[in-house]
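**Student:** Handing you this structure, nothing more for now.
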């Protein structure tokens, strides 16, 4: 993705002082922030998903499960990116810790399954689906941890698989 911005001002009419944040600066900041963010989740792991033949589509989750994946047009080439999730635990009187939430995208040909892309291995792949194969996404949930006998709830960042048409 490329982004070009031009900011022009008429210095003759400049009334704001140097260092003051203007409405234009705020809009520029918001535009840059939006451009730097991950694409929103299109759906969550747990139900069958159809990947469209254009644009970008993300499947996200934070719980264990698998999702069958179907491609709207199996002749389209995709860039597939796997991003692990993270569960962060913090509780008064205990040391903070975090755990990764792995995710993978695999294909099955006959009775043989192969992981094509995963957050713990190859995380980026150029890929063209085959209509006769089956595909699925599998993810993991945050483990249950305790501190002094009390269950600690994590702060969770979802894992994701993102498909972008090339």
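Numbering (my numbering), first residue to last: 2 to 167.
Even for Gly, the Cβ is constructed at its ideal location relative to N, Cα and C.
Shortest alpha-carbon distance to residue 225 belongs to which of 111, 90 and 113?
**Tutor:** Any question about residue 225 goes unanswered here, given that the chain covers just 2 to 167.
**Student:** Following the continuous beta strand (DSSP E) through residue 105, name the residue where it begins and the one where it ends.
**Tutor:** Looking at the DSSP string, the run of the beta strand (DSSP E) that includes residue 105 is 104-110.
**Student:** Kindly identify the DSSP beta-bridge partner or partners of residue 146.
**Tutor:** The partner list for residue 146 (beta bridge, DSSP) reads 153.
**Student:** Is residue 55 helix, strand or coil when you go by DSSP?
**Tutor:** In the structure shown, residue 55 sits in coil (DSSP, three-state: anything other than H, G, I, E or B).
**Student:** Of all the beta strand (DSSP E) runs that stay within the bounds of the segment 75-137, which reach a length of 3 or more residues?
**Tutor:** For the segment 75-137, whole beta strand (DSSP E) runs of length 3 or above, ordered along the chain, are 79-84, 86-90, 98-102, 104-110, 113-119 and 125-128.
**Student:** With DSSP as the reference, label residue 67 as helix, strand or coil.
**Tutor:** If DSSP states are grouped into helix, strand and coil, residue 67 belongs with the strands.
**Student:** Can you check whether the C-beta of residue 81 is within less than 8 angstroms of a C-beta belonging to chain B?
**Tutor:** Included in the structure is just one protein chain, with no chain B present.
**Student:** How is residue 47 classed by DSSP in three states: helix, strand or coil?
**Tutor:** The answer is coil: DSSP assigns residue 47 none of H, G, I, E or B.
**Student:** Beta-carbon separation of residue 73 and residue 52 under 8 angstroms?
**Tutor:** It is a contact, given that the beta carbons lie within the stated cut-off.
**Student:** For residue 71, I'd like the list of residues in its chain whose CB is within less than 8 angstroms of its CB, leaving aside the five on either flank, ordered along the chain.
**Tutor:** Excluding residues within five positions, the ones whose Cβ falls inside 8 angstroms are 49, 50, 51, 52 and 136.
**Student:** Inspect the CB distances between the segment 59-66 and the segment 107-117 and report whether three or more fall short of 8 angstroms.
**Tutor:** These segments do not touch.
**Student:** If we ignore side chains and look at the alpha-carbon of each, how far apart do residue 77 and residue 98 end up?
**Tutor:** Computed Cα separation, rounded: 41 angstroms.
**Student:** To the nearest angstrom, report how far apart residue 141 and residue 116 are at their CA atoms.
**Tutor:** Looking at the two C-alpha atoms, the distance is approximately 15 angstroms.
**Student:** What does the Cβ neighbour count give for residue 129, buried or exposed, with the cut at 16 atoms within 10 Å?
**Tutor:** The residue is exposed, with fewer than 16 neighbouring Cβ atoms inside 10 Å.
**Student:** Any idea what DSSP makes of residue 42, helix, strand or coil?
**Tutor:** Coil, per DSSP.
**Student:** Bridge partners for residue 139 per DSSP, in chain order?
**Tutor:** Paired residue(s): 67 and 105.
**Student:** Report the CB separation of residue 1 from residue 47 in whole angstroms; it is logged as a contact under 8 angstroms.
**Tutor:** The shown model of the chain, from 2 to 167, leaves out residue 1, and the question about it has no answer.
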